[in-house]
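Residue numbers (this note's numbering), protein chains in the order written: chain U, 59 to 407; chain H, 150 to 759. C-beta atoms are modelled at their ideal positions from N, C-alpha and C, and glycine is treated no differently. Fair warning: this is a prediction, and the values are worked out from it, not measured in the lab.
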C-alpha cells in the first residue's frame with residue numbers, strides 16, 4: 059500500500075529552493091523583551107535556513123514552554139508549540155513518521171534539562187535526527203526568574219533568595235554523556251559563529267545538540283558577559299576549530315596544552331611553549347570532546363565554544379527504515395489477510 | 150474399557166500451579182484445541198505480578214481457566230468443574246472456586262511436607278478427608294514422566310518440565326478432545342530440537358492413554374460443539390485484537406501507523422504485537438516514559454500518521470497533560486487504556502473499570518474527547534477500528550477503554566474479510582487557501598495539512614488560538630467560542646454513534662445498563678433469567694462519550710435501572726448527571742469480573758425490592 063503521505067511527498071510540485079531570510083519570517087509580531095538574546099538567534103536561523111537549499115515546507119520547528127519556545131510562531135515553516143519539556147519527544151515522533159523532514163527543536167535550559175531532561179537524554183542516546191537548539195539563559199524567565207538546572211552555584215534568584223545551592227548541569231557534557239553525535243556551543247552575540255554552528259547542525263545526520271548562550275536582559279542580565287563581551291571575551295573564551303590548535307588571549311598569546319588528561323593554560327610568549335605544543339582540536343575524537351566539555355566550569359581555563367563533537371552514526375530513523383525493509387524482505391507474504399489469520403487458525407465449512 | 154459418556158453444554162476447567170509450572174501455556178493450548186473443535190471459548194489467565202514468585206507459595210500461584218461449550222459461554226465461568234492442581238498452594242488458592250462434586254486432579258509429587266507448610270496446610274488435604282466433597286484423582290505426574298523419559302536423554306529438569314503436558318493430555322482424554330492441534334504446535338514450537346519434540350509428544354499421548362487405561366476414571370465428558378458459521382477462525386486476546394485493528398485501520402485510511410508506547414502491565418502486549426509487525430511497515434517507538442509515548446504520537450499525527458499510544462491506568466494519569474494538547478491541537482490520536490486495579494500501582498495484573506472518570510474528565514480546562522469501551526476480547530478489534538474512524542473523521546484524540554481481563558482473555562474469533570471492512574476516508578488539505586482552524590461545517594473537524602505540503606506552512610500549539618486562523622489569541626470572546634466549538638465538535642460525534650440496542654422487553658420490570666467487560670457476566674445472567682420468564686431489558690454501552698442518541702429515550706421508559714460496574718458507580722454517576730434519572734448501583738472491586746450468578750442474584754434482589 060502506498061500511503062497518502064508517500065503520495066504527497068512523491069507528487070509534490072517542485073518548489074523553489076532559492077530563499078532570502080525574509081521568506082522564513084512569519085507574519086506574527088515577535089514579542090520577546092527588547093534586548094533579548096533570542097532575537098539574534100531568530101535572525102541567524104532565518105539566514106541559514108534560506109541558504110540550505112531545502113524546500114521551506116520540509117522544515118518543522120517544535121518547541122515546549124518558555125520564552126525560547128515561542129520561536130516556532132516566528133518562523134514561516136511548519137511547527138508545534140508544545141507543552142513544557144516535551145518538544146524533543148514530539149519531534150522524535152514526527153521525525154520517525156516523516157524522515158524526509160528537517161526537524162528542529164527550540165528549547166530552553168529549564169524546558170530541556172529539567173522537565174524535559176528524560177526526553178533529551180534518550181533522543182540523544184537513540185541518535186534521533188533532530189536539531190536541538192537549547193537557548194541557555196541560566197534562569198527560568200517566562201515564569202519570572204526562578205533557579206534553573208544551569209543557574210550558577212550561589213546565585214540568588216526568585217526561588218533561591220539565599221543563593222542557589224544546586225550544582226549546575228554542564229549541558230555539553232550531559233549531551234555527550236547521553237550519546238549525542240553532534241554537540242556544540244555558541245552564543246547570541248556572535249552571529250557569524252552562530253551561523254557556522256547552526257549550518258553544521260542543520261547538515262548533521264543524527265542527533266545534534268547546540269547550546270546557545272542567550273542573554274536574558276530582565277532576570278539574568280550579563281550572565282555570560284565574561285565569555286561573550288568584546289572586552290573580556292578573548293581572555294576568557296577559546297574557540298574550538300577542527301584541526302587547529304587551541305589558542306586564545308587578547309593577542310592570541312595563550313594556548314591550551316594537555317597535561318595528561320588535564321587541559322592547562324600555557325603562555326606562547328614566555329619561550330617555554332610554542333603553538334606546536336598545543337592541543338589540536340579533533341571534532342571526531344569523542345574522548346577529547348569530553349575533556350573539552352569538562353573545561354566549562356573550570357575557573358583555570360577559558361570557556362570553550364564551537365563544535366565539541368561531530369561523528370557519523372546511523373540515525374534512529376534510518377535504522378527504523380532499514381529494519382522494516384529487512385523484515386519485509388524476509389517475509390514472503392506481507393498481506394494483512396495473513397497477519398489477521400495468525401499462526402493457528404481453522405476453517406469451518 | 151467402556152465408560153459412561155456424559156454430554157454437556159459447557160464446562161469450565163482450570164489449570165493451576167506454580168508460576169514456573171507452565172500453566173499459562175497449558176491453558177492456552179487447551180483453549181486452542183477446544184475452539185478448534187467448534188465450541189465457544191472464553192479464557193481467563195490469572196497470574197501473579199511477580200515473574201517467578203518463590204516456589205510453592207500461595208502468592209506464586211498461576212492459573213488459566215477455560216470455559217468452553219455450545220451455549221452460554223460469555224465469561225470464563227463462575228465455578229470450576231475441573232481443577233488440575235499441580236501443588237498444595239494451587240489447591241488451596243483455587244479450591245474455593247471448584248463446585249461440589251467437581252473433578253479435582255492433583256499432582257501428588259509436590260505434596261511434600263515443605264510444600265504443605267508453604268501452602269499453610271496443617272495436615273495433608275489429600276489424606277485428611279477434607280476433599281471428600283470432590284471427585285479426587287491423585288496422580289504422581291513427576292513419577293510418570295520420569296519413568297517415560299528415563300532414556301530420552303533429557304536432563305531431570307527438562308523431564309520434570311513436561312508434567313504440564315501430561316496434565317494436558319489427560320484433560321484432552323477427559324473431554325474427548327483431539328491431540329492434533331497440540332501435536333502440531335509442539336512440532337512447530339520445538340521444531341529445531343527433535344529430542345524435545347519427541348519427549349513432549351510422548352508425554353502428551355501418555356496423559357491421554359493414562360485416562361483411557363486407568364480405571365480411576367469411570368466417566369468421560371463430551372461437549373456438544375456449536376454450529377459455527379462458516380469462515381476462518383482463530384483464538385484472540387483483546388490486546389492482540391487492538392494491535393491488529395490498528396494495522397487494519399491505518400491500512401484502510403491509507404496512513405502509516407505509529408505507536409508511541411511505554412511498557413506497562415497489562416497493556417504491554419499491544420506494544421509487543423505492534424513491534425512484531427515490522428514486515429507490514431508499522432512504525433513504533435518504545436519511549437522513555439508514558440509522556441514520551443503520547444507526545445511522540447502527537448508528533449507523528451502532525452506528520453500525517455495514524456498515531457496511537459497504549460497504556461494502563463498509571464500511564465493514562467501521566468498522559469493527561471498531553472491529551473489536553475491533543476485536544477487543542479485537534480489532531481487524530483488513539484489512546485488505548487487497558488484498565489487495571491488502582492489507585493496508584495494497585496493490582497497491576499488484575500482488571501478494573503475505574504478509569505472511566507479519568508477518561509471522561511481527567512484533563513484541566515474544558516477538554517472533551519470521545520470515549521469508547523470494548524465489551525469482549527474480539528470487540529476490542531471492532532472498537533479500535535471505531536476509535537480510528539472517529540479520531541480521523543473528527544480530528545480528535547479518542548480514548549478506548551479495555552481492561553486487563555479483556556486484554557489477556559481470549560475467545561474464538563471469526564476473522565473478518567479484510568476487503569469488506571470499509572475504507573476510512575482521509576484527505577490531506579493541499580489547497581493554498583488553508584486556514585488551520587477552519588472547520589468542516591458538518592463535523593466541525595478542522596482540516597489536516599501536513600508538513601511537506603508547499604505553501605501551507607503553519608504553526609499550531611497549546612496556546613488558545615483564534616477561530617479559523619489559528620493565530621495565538623487571548624481574546625475573551627474568542628476563547629469562549631473556541632471552548633464551545635471544541636465541545637460541540639465532540640457532541641457531533643454522536644452522528645456516528647450507532648443507536649443503543651435494547652435486548653429483552655421494552656416494557657420490562659428492570660433495565661440493566663452495562664459497559665465494557667461486564668458484558669459477559671451480565672449477558673449470561675440476563676439470558677438465564679429471560680429463559681426463566683423474567684421480564685428484563687439490557688443495554689450494553691460501547692460509546693460512553695457521546696452516548697448514543699436514543700439512550701435518553703430508552704432510559705425514560707424504565708422505572709428501575711441497574712448499573713453493574715467494576716468501580717464504585719462511575720457510569721451510574723454520569724448517567725444520573727446526564728439524564729437526571731436515579732439508577733441502582735452495583736459494584737464489585739476485587740480485581741475480578743462479576744460472576745454471572747452475582748449479577749443474577751442482584752437482579753432478583755432488585756426485582757423484589759420496592
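{"Query": "Identity of the residue in H:206, H:459 and H:728 nearest residue 395 of chain H by Cα", "Result": "H:459"}
{"Query": "Proximity test, Cβ basis, 8 Å: residue 558 of chain H and chain U", "Result": "no"}
{"Query": "Expected contact under 8 Å - CB spacing of residue 176 of chain H and residue 194 of chain H to nearest Å", "Result": "7 Å"}
{"Query": "Exposed unless 16 or more other CB atoms sit within 10 angstroms - verdict on residue 292 of chain H", "Result": "exposed"}
{"Query": "Cα-Cα separation, residue 484 of chain H to residue 338 of chain U", "Result": "52 Å"}
{"Query": "Contact set between residue 248 of chain U and chain H, taken where Cβ atoms lie within less than 9 Å", "Result": "Under the 9 Å cutoff, chain H gives no residues; its nearest Cβ is about 28 Å from residue 248 of chain U."}
{"Query": "Three-way DSSP call (helix, strand, coil) for residue 755 of chain H in this model", "Result": "helix"}
{"Query": "Limits of the unbroken alpha helix (DSSP H) element including residue 333 of chain U", "Result": "That residue, residue 333 of chain U, is in no alpha helix (DSSP H); it is neither H nor E in DSSP."}
{"Query": "Cβ-based neighbour list, residue 636 of chain H, same chain, cut-off 6 Å, excluding 5 preceding and 5 following", "Result": "517"}
{"Query": "7 Å Cβ shell around residue 678 of chain H - same chain, five flanking residues per side excluded", "Result": "685, 749 and 752"}
{"Query": "Within chain H, the residues that residue 403 of chain U reaches when beta carbons sit closer than 8 Å", "Result": "381, 382, 383 and 564"}
{"Query": "Pair within 8 Å by beta-carbon distance, residue 255 of chain H and residue 207 of chain H", "Result": "no"}
{"Query": "Environment of residue 510 of chain H [buried if 16+ CB atoms lie within 10 Å]", "Result": "exposed"}
{"Query": "Short CB-CB distance (under 8 Å) between residue 169 of chain U and chain H", "Result": "no"}
{"Query": "Beta strand (DSSP E) segment containing residue 194 of chain H, residue limits", "Result": "189-195"}
{"Query": "Residue of H:386, H:209, H:430 and H:201 minimising C-alpha distance to residue 64 of chain U", "Result": "H:430"}
{"Query": "Partner residues on chain U for residue 432 of chain H, Cβ-Cβ distance less than 7 Å", "Result": "154, 155 and 378"}
{"Query": "DSSP three-state assignment for residue 269 of chain U, whether helix, strand or coil", "Result": "strand"}
{"Query": "Neighbouring residues, chain H, relative to residue 158 of chain U (Cβ below 7 Å)", "Result": "601"}
{"Query": "Cβ-Cβ separation, residue 336 of chain U to residue 303 of chain U (assumed contact under 8 Å), whole Å", "Result": "4 Å"}
{"Query": "For residue 247 of chain H and residue 265 of chain H, the rounded distance between their alpha carbons", "Result": "20 Å"}
{"Query": "Of the listed residues H:699, H:612 and H:683, nearest to residue 651 of chain H (C-alpha basis)", "Result": "H:699"}
{"Query": "Distance between residue 579 of chain H and residue 71 of chain U (C-alpha atoms, nearest Å)", "Result": "11 Å"}
{"Query": "Residue burial classification, residue 342 of chain H (beta-carbon count within 10 angstroms, cutoff 16)", "Result": "exposed"}
{"Query": "Nearest to residue 241 of chain H (by Cα), restricted to the options H:275, H:224, H:222 and H:220", "Result": "H:275"}
{"Query": "Chain H contact for residue 104 of chain U (CB, 8 Å cutoff)", "Result": "no"}
{"Query": "Residues of its chain near residue 422 of chain U, where Cβ-Cβ distance is below 7 Å and the 5 sequence neighbours each way are ignored", "Result": "Here chain U has residues from 59 to 407 only, and residue 422 of chain U is not among them."}
{"Query": "Length of the line joining the Cα atoms of residue 405 of chain H and residue 154 of chain U", "Result": "11 Å"}
{"Query": "CB contact check: residue 406 of chain U to chain H, cutoff 8 Å", "Result": "yes"}
{"Query": "Secondary structure of residue 245 of chain U, DSSP reduced to three states", "Result": "strand"}
{"Query": "Minimum length 3: unbroken beta strand (DSSP E) runs contained in the segment 201-286 of chain H", "Result": "210-218, 229-234 and 247-256"}
{"Query": "Residue-chain proximity (residue 385 of chain U, chain H), Cβ-Cβ < 8 Å", "Result": "yes"}
{"Query": "At least 3 beta-carbon pairs within less than 8 Å: the segment 551-570 of chain H vs the segment 189-204 of chain H", "Result": "yes"}
{"Query": "Cross-chain neighbours of residue 407 of chain H in chain U, by beta carbon under 8 Å", "Result": "151, 154 and 155"}
{"Query": "Other residues of its chain near residue 148 of chain U: CB distance less than 8 Å, five sequence neighbours each side excluded", "Result": "120, 138 and 140"}
{"Query": "Listed by chain order, chain U residues near residue 446 of chain H by CB distance under 7 Å", "Result": "151"}
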